[in-house]
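Here full-length UniProt numbering is used: position 190 in the sequence shown is 190, and no number is missing along the way. For each residue, glycine too, the CB sits at the ideal point set by N, CA and C.
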Amino acid sequence: MVSTYEKVRLQTIEENKKRFKDLKLNQLAIDFDNKVKPRVLIQKKKKLEEPVRRKSNRLLGKLPPVSEEVIPAVTSDIDRENSTRKAQELYTNITRDDGFPCFVKFMHPSYVDRGFELALPRDFCTKHLPKCDETITLVGQDGEEFPTEFKYRKNSALVIGWKDFARHHDLIHGDSLVFQLVEPTKFKIYVIRAKGMVN
1 MVSTYEKVRL QTIEENKKRF KDLKLNQLAI DFDNKVKPRV LIQKKKKLEE PVRRKSNRLL
61 GKLPPVSEEV IPAVTSDIDR ENSTRKAQEL YTNITRDDGF PCFVKFMHPS YVDRGFELAL
121 PRDFCTKHLP KCDETITLVG QDGEEFPTEF KYRKNSALVI GWKDFARHHD LIHGDSLVFQ
181 LVEPTKFKIY VIRAKGMVN
């Protein structure tokens, strides 16, 4: 015995078959299959270009990655102590003679070999420097000026531009610098070399 659901389902199937016949969909599908043939894609062979012959063994236009290998200079403890002592003497003379505010900064590897961010004394920054991010100019003893970006924060520092100054003056671990504030945003820098030279 066939249920009513099954009867309705079979009746619907028969009606759909009649509609397909009336619309000639079966024939249309067969005709479509006969007319449409799959296209075969023919890939063009790429011409291999011979690289330009050069004296160098590397290909033109493909440069090797550029990496600067910085070999930190080594200074003795005695040289570093002498540098610090001479910087303190210079600091005392400048403060006494000129009256401009100044401070001494000993060069650590992170200031001159990697990182290139120079932390400044907090007390000096709060007393003498702007309370916001500012461009501060560093003037070497040769008179050349280097604009640097001063970041005012809990641990204020000179960031962008400090690397250029450090590289230009060949600063190494152990050198000492005396920073003399000659204008609100300009420092004159005295470099005392760890190897005994005063610049």
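Contact check, residue i vs residue j, beta carbons under 8 angstroms
| i | j | result |
| --- | --- | --- |
| V191 | L177 | yes |
| F179 | G161 | no |
| C125 | Y91 | no |
| D172 | V112 | Per the sequence presented here, residue 172 reads as Ile, with Asp not at that position. Result yes, Cβ atoms of I172 and V112 sit closer than 8 angstroms. |
| residue 205 | P121 | Absent from the structure is residue 205, since the part of the chain shown begins at 1 and ends at 199. |
| K186 | T135 | no |
| E149 | D133 | yes |
| A119 | N93 | no |
| S83 | G174 | yes |
heavy atom of the ligand ZN below 7 angstroms from residue i C-beta
| i | result |
| --- | --- |
| I192 | This structure does not include the ligand ZN; it has no bound ligands of any sort. |
With 16 other Cβ atoms within 10 Å as the buried cut-off, status of residue i
| i | result |
| --- | --- |
| D77 | exposed |
| R193 | buried |
| I30 | exposed |
| K105 | buried |
| K86 | buried |
Which listed residue (the options) has its alpha carbon closest to that of residue i
| i | options | result |
| --- | --- | --- |
| A157 | G140, Q141, L129 | L129 |
| D98 | R85, M107, L181 | L181 |
| A166 | Q27, S110, K127, N155 | S110 |
| M107 | T95, E81, I42, K127 | E81 |
| G140 | G115, K127, R114, D170 | D170 |
| residue 207 | K127, K163, Q43, H168 | Coverage of the chain is limited to positions 1 through 199, which leaves residue 207 absent and any answer about it impossible. |
Neighbour flag for residue i against chain B, beta carbons, 8 angstroms
| i | result |
| --- | --- |
| D77 | In the structure shown, chain B cannot be found, because there is only a single protein chain. |
8 angstroms contact criterion, which residue i and residue j should meet: CB distance rounded
| i | j | result |
| --- | --- | --- |
| K163 | D79 | With 8 angstroms as the limit, K163 and D79 do not qualify as a contact, their Cβ atoms being about 23 angstroms apart. |
* Asked: Of all the beta strand (DSSP E) runs that stay within the bounds of the UniProt domain "TF-B3" (103-195), which reach a length of 3 or more residues?
  -> Runs found: 134-139, 145-151, 176-183, 186-192.
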